[in-house]
Structure formats: C-alpha cells, structure tokens
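Each residue of the sequence shown is one higher than the last, beginning at 1 in the working numbering.
We treat Cβ as the ideally placed atom computed from N, Cα and C, and that holds for glycine.
A short worksheet on the structure shown next.
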Amino acid sequence: MFVSCSDSQFLESHWNHPISAQGTPPSDFPALERNLNPKSCGTCHQNQFQNWEKSFHAKSISPGFLWQKEIFTKEEYKSCLNCHSPLAETKSEIDSNFQTPEIISSKSHNFPDGIDNPSILCASCHIRNQIRFGPPPKINKKIEQNSGRIPHNSYVVKEKFESSEFCKSCHESKETGVRLNGKRLMEVYTEWEGSSYAKDGIQCQNCHMPDREHSWKGIHDKDFVQNSLEPKWEVKKNNGVYQIKAELKNRGVGHNFPTYLVPKVYLRFFASLKSQNSRILLEESIVGRVVNTNLTEEYLDTRIKPNDSYKISFDYKPNENLVTELIWEIEVDPDEQYVRSFEEELKNRAGTLSYHSKKQLQESLYEKKNSRYILFTLSWKVPVSLRQ
C-alpha cells in the first residue's frame, strides 16, 4: 500500500479539466482490471457498485441533460460535460469533439465492450493515467496477495477523498459564474464552510456517503430529508380564533436547505370543515430560492441555514363553519426549477427542436413533474365542545 502525502496540489491536479485519456492499461493487468466498466469494478466492490447504480451520479447523462445539446453552444456543452461526464472516454460517446484518435484508442483498451452509460463512473473519481486513487483503508490489515500481486498494483491513498473539498469542483459554481443578489448559482461548499458542521469537522461524505456508501442521497430521497428536518407547531384557540405558530428546523443539513435553486419546499396549512366535508387552504409558504428561468433575476430566497428555522405565525377565524381538524402539510418539489424551465422551453421551441431532442425534453419533463412527494403531514384535532 503506497501512501502519498496529502498535498495541496492533489485536487487541483485531479480535477484539472479536461481529464486526460487513461491510455493503455499496464501489461500485467488481467482482463477484469483492464476494463473500466463499473460492472467490472462491481465484481470486487459489490456494495459500492449496487449503490452507485441507483444513484444520480449514474444518471448524470439523462434525457434532461442530452436534449440541451441542441440549444447550447459548443463551449457551454463542453463545460457541462466536465461534471456530468468527466472522463475523456465517456465524453466521446456524446460529443464528437472528443472523438480523437488518442481518446478512441484509449476507449477501445479500457472499455472493450463499449460504454453503455457515459455518466459519472467509478473511474471518474478513482482513476487517473491508470493509477488508482482512494481514501485511507478503514482497517489496517494484511492484503492477501493473489499469485504474489496486489490488485491494481495497489492504489494511492489520498485523505482528500474524505474531504468536502473533493466535492467542491462539481458542487460549487466558479468565482466567475453568474451571481444573483451577490450569490452564485451553486454555493454548497461555501454554505457548508461557514457552518458549524465545517468547524466540527463534519464533511459532505459523513452525510451523503455514510460508511462510504456510494449512493449520495439528497433532496429526492424522502427518508433522507425527513431525518434532517424537524417540524414543530402549536395551535391555540382564543375567542373563536385559532392562533397557529409553526417552525421547520434545519437540524441535520450542513448547508442551506434546500441548496441550489432547483428544489422548492411548500408549507401548506388546511382546515377540515365538517359542514362541507372538505378542507380549505389557510396559508402557504415557499422555502427555497426562486429565480426566473433565464437565471437573471432572483425573486426570493427563504432557504434555511444550518441549525436555523423557518417560522410561520397566523390567525384563522372560521366563518360559521365547524372546524374538525387543522392540518400542516409539507411537500417537496425536488425539480421545480427544471419543470418551470422545461415547460417554457417546450412551449417556445416546439417548432424548432428536432424530434429526438423534443422527445428527450418531454420525457424528462414528465419524470421531473412526478418527483414531488409529501414530506410530513401534521394534524391537530379540534377538541370536542361539551354541552354546558
């Protein structure tokens, strides 16, 4: 096991785009190690592969991404690929600019069966120039050698793999990027850096890769989000008026909740009426960062900082109706910005998009519209009034 220094230049070099083609595998590598298809990696790293396969990293090249190639400039699309498809070999699958003799040759050596998924693969993070990189071993133990050889010719240990800085390259907009109200479009690392989590040494990986799980759960996972938030409320009745106070606390997210400008969280309060056998909406709030589809103007930013709360207070006086129950419903829309933007694009470009791109856009829009879910439902039964 070769352990390198945790040098400050590692991440700059590791995420220096465009990443060079991997080239010819070492001559002593057997066929399994020569193949960079994640399925090959999964032969030994089964848990990591199974989690990755269901993750958004494995879906970074999706219809929602691909349709936009038709409307982006070559440079814009090339820039997007740095994070969505980091390897030169995977980029060549979706961008002809990367179909150079060197990259095509490397692809034939490292992906002998072709590339069926040009997304973020195992090699995107763990391999550079045929050298394997990874975090320190969890347990110091003797490596069993097979025929006198350590797999992959061993690997280079880098502590940065367990640092939030490792994620920054793709989850933080560049300093030169678009700013709205003084904020970049993505500032996950900056939000975390200023939080108590950073001061306490809690890294991105502690929450999104617990026990080195390769699933990177986030806003789309209901259980994951539920475990990070705490809703509290109280209802008092005074002279026929219901006084409602509620708060949603960010008790487990080490950055603003929700981060980015894409997701929105809706806090809705209802009253169930006995006379109408239905419920009416009393109050609705949005937690999130609301910007226009052109990404040129910010209208609202009500995101919750780490350990802070979003608070609501209002009164409700029924009009002759008998209230049987008050309900607080919290709904998460993980892809709200995409839905709004894609609907607008479909309307404005319906006549100019190619059939293939339009189909990809429609498919993605349908998927994102159906990603919403109810996070919490809290109810308060109105006490029965007894006859005096």
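Bridge partner(s) assigned by DSSP for Pro231: Stepping through the sequence shown from its first residue, residue 231 is reached at position 231. Answer is Leu248, bridged to Pro231.
Ser164 versus Gln203 - alpha carbon distance: To locate residue 164, count along the sequence shown from 1; it is residue 164. To locate residue 203, count along the sequence shown from 1; it is residue 203. Those two C-alpha atoms are separated by around 5 Å.
Rounded separation between Ile393 and Glu102 - CA only: No answer is possible for residue 393: the residues shown for the chain start at 1 and end at 388.
Per-residue DSSP class, three states only, for Trp328: On the sequence shown, residue 328 is found 328 positions in, with the first residue counted as 1. DSSP places Trp328 in the strand class (E or B) of the three-state scheme.
Beta-carbon proximity of Trp52 to His214, cut-off 8 Å: By one-based count along the sequence shown, residue 52 stands at place 52. By one-based count along the sequence shown, residue 214 stands at place 214. Yes, these two residues count as a Cβ contact at 8 Å.
Three-state class that DSSP yields for Glu187 in the structure shown: In the sequence shown, the residue the question calls residue 187 occupies position 187. Look at Glu187 here: in three-state DSSP terms it is strand.
Ala21 vs Ser119 beta-carbon contact at 8 Å: On the sequence shown, residue 21 is found 21 positions in, with the first residue counted as 1. On the sequence shown, residue 119 is found 119 positions in, with the first residue counted as 1. It is not a contact, given that the beta carbons lie outside the stated cut-off.
Length of the line joining the Cα atoms of Ser285 and Val262: As a first step, residue 285 is located in the sequence shown; it is residue number 285 there, counting from the start. As a first step, residue 262 is located in the sequence shown; it is residue number 262 there, counting from the start. So the alpha carbons of these two residues sit roughly 16 Å apart.
Spatial distance of Ser154 from Gly182 (CA atoms): Locating residue 154 in the sequence shown gives position 154, where the first residue counts as 1. Locating residue 182 in the sequence shown gives position 182, where the first residue counts as 1. In a straight line, the C-alpha of Ser154 is about 46 Å away from that of Gly182.
Distance, His84 Cα to Asn389 Cα: A question about residue 389 goes unanswered here, because the residues of the chain that appear run from 1 up to 388.
Three-state secondary structure (DSSP) of Gln203: Position 203 of the sequence shown, counted from the first residue, corresponds to residue 203. Note: Gln203 maps to coil in three-state DSSP.
Endpoints, the beta strand (DSSP E) within which Asp301 is located: If you number the sequence shown from 1, residue 301 lands on position 301. Boundaries of the beta strand (DSSP E) harbouring Asp301: Glu298 to Asp301, taken from the DSSP string.
Span separating the alpha-carbon of Ser232 from that of Glu247: One-based indexing of the sequence shown puts residue 232 at position 232. One-based indexing of the sequence shown puts residue 247 at position 247. Sequence inspection shows Lys at residue 232; the Ser mentioned does not correspond to that position. Spanning the alpha carbons of Lys232 and Glu247 requires a straight line of approximately 5 Å.
First and last residue of the uninterrupted beta strand (DSSP E) at Tyr316: Taking the first residue of the sequence shown as position 1, residue 316 is located at position 316. Taken as a continuous stretch (DSSP letters only), the beta strand (DSSP E) holding Tyr316 covers Ser309 to Tyr316.
Where Glu75 sits in the DSSP three-state scheme: By one-based count along the sequence shown, residue 75 stands at place 75. Secondary structure at Glu75: helix, using DSSP grouped into helix, strand and coil.
Residue burial classification, Gln243 (beta-carbon count within 10 angstroms, cutoff 16): The residue given as residue 243 occupies position 243 in the sequence shown. Exposed: under 16 other Cβ atoms inside 10 Å.
Straight-line Cα distance separating Phe133 from Ile312: Here residue 312 refers to the residue found at position 312 when the sequence shown is read from its first residue. Here residue 133 refers to the residue found at position 133 when the sequence shown is read from its first residue. Straight-line Cα distance between these residues: approximately 48 Å.
Beta-carbon proximity check, Ser169 vs Met186, cutoff 8 Å: On the sequence shown, residue 169 is found 169 positions in, with the first residue counted as 1. On the sequence shown, residue 186 is found 186 positions in, with the first residue counted as 1. Cβ distance not < 8 Å, so Ser169 and Met186 don't count as in contact.
Short Cβ contact (8 Å threshold) for Glu336 with Arg268: For the purposes of this step, residue 336 is taken as residue 336 along the sequence shown, with counting starting at 1. For the purposes of this step, residue 268 is taken as residue 268 along the sequence shown, with counting starting at 1. Contact: no.
Local Cβ density within 10 Å of Leu300, reported as buried at 16 or more and exposed below that: As a first step, residue 300 must be located in the sequence shown, where it is residue number 300. Exposed: under 16 other Cβ atoms inside 10 Å.
Integer-rounded CB distance, given that Val339 should sit under 8 Å from Leu365: Locating residue 365 in the sequence shown gives position 365, where the first residue counts as 1. Locating residue 339 in the sequence shown gives position 339, where the first residue counts as 1. Contact holds; Cβ gap of about 7 Å.
Paired residues, beta bridge with Leu267 - DSSP: Position 267 of the sequence shown, counted from the start, is the residue given in the question as residue 267. Paired residue(s): Ser285 and Ile330.
DSSP three-state assignment for Ser96, whether helix, strand or coil: As a working mapping, residue 96 is identified with position 96 in the sequence shown. Ser96: helix per DSSP, three-state reduction.
Contact under 8 Å by Cβ, Arg303 with Glu331: The count along the sequence shown starts at 1 and reaches residue 303 at position 303. The count along the sequence shown starts at 1 and reaches residue 331 at position 331. The answer is no: Cβ separation not under 8 Å.
Cβ contact check for the region 86-94 and the region 120-130: 3 or more pairs under 8 Å: Result yes; three or more Cβ-Cβ pairs closer than 8 Å.
Cβ pair Pro306, Ser196 closer than 8 Å: Residue 306 sits at position 306 when you count from the first residue of the sequence shown. Residue 196 sits at position 196 when you count from the first residue of the sequence shown. In this structure, Ser196 lies closer than 8 Å to Pro306 by Cβ.
Spatial distance of Asn256 from Val188 (CA atoms): Here residue 256 corresponds to residue number 256 of the sequence shown, with the count starting at 1. Here residue 188 corresponds to residue number 188 of the sequence shown, with the count starting at 1. Going from the Cα of Asn256 to the Cα of Val188 covers about 8 Å.
Start-to-end residues for the alpha helix (DSSP H) that takes in Leu32: If you number the sequence shown from 1, residue 32 lands on position 32. Here the alpha helix (DSSP H) through Leu32 covers Ala31 to Arg34.
Contact belief for Pro136 with Glu159 at Cβ below 8 Å, rounded distance in angstroms: To locate residue 136, count along the sequence shown from 1; it is residue 136. To locate residue 159, count along the sequence shown from 1; it is residue 159. Right, their Cβ atoms sit about 6 Å apart.
Burial state of Arg179 (16 or more Cβ within 10 Å): Along the sequence shown, one-based indexing puts residue 179 at 179. Answer is exposed; the Cβ neighbour count stays below 16.
Range covered by the beta strand (DSSP E) that runs through Lys381: In the sequence shown, counting from the first residue as 1, residue 381 sits at position 381. Counting along the chain, the beta strand (DSSP E) containing Lys381 begins and ends at Tyr373 to Lys381.
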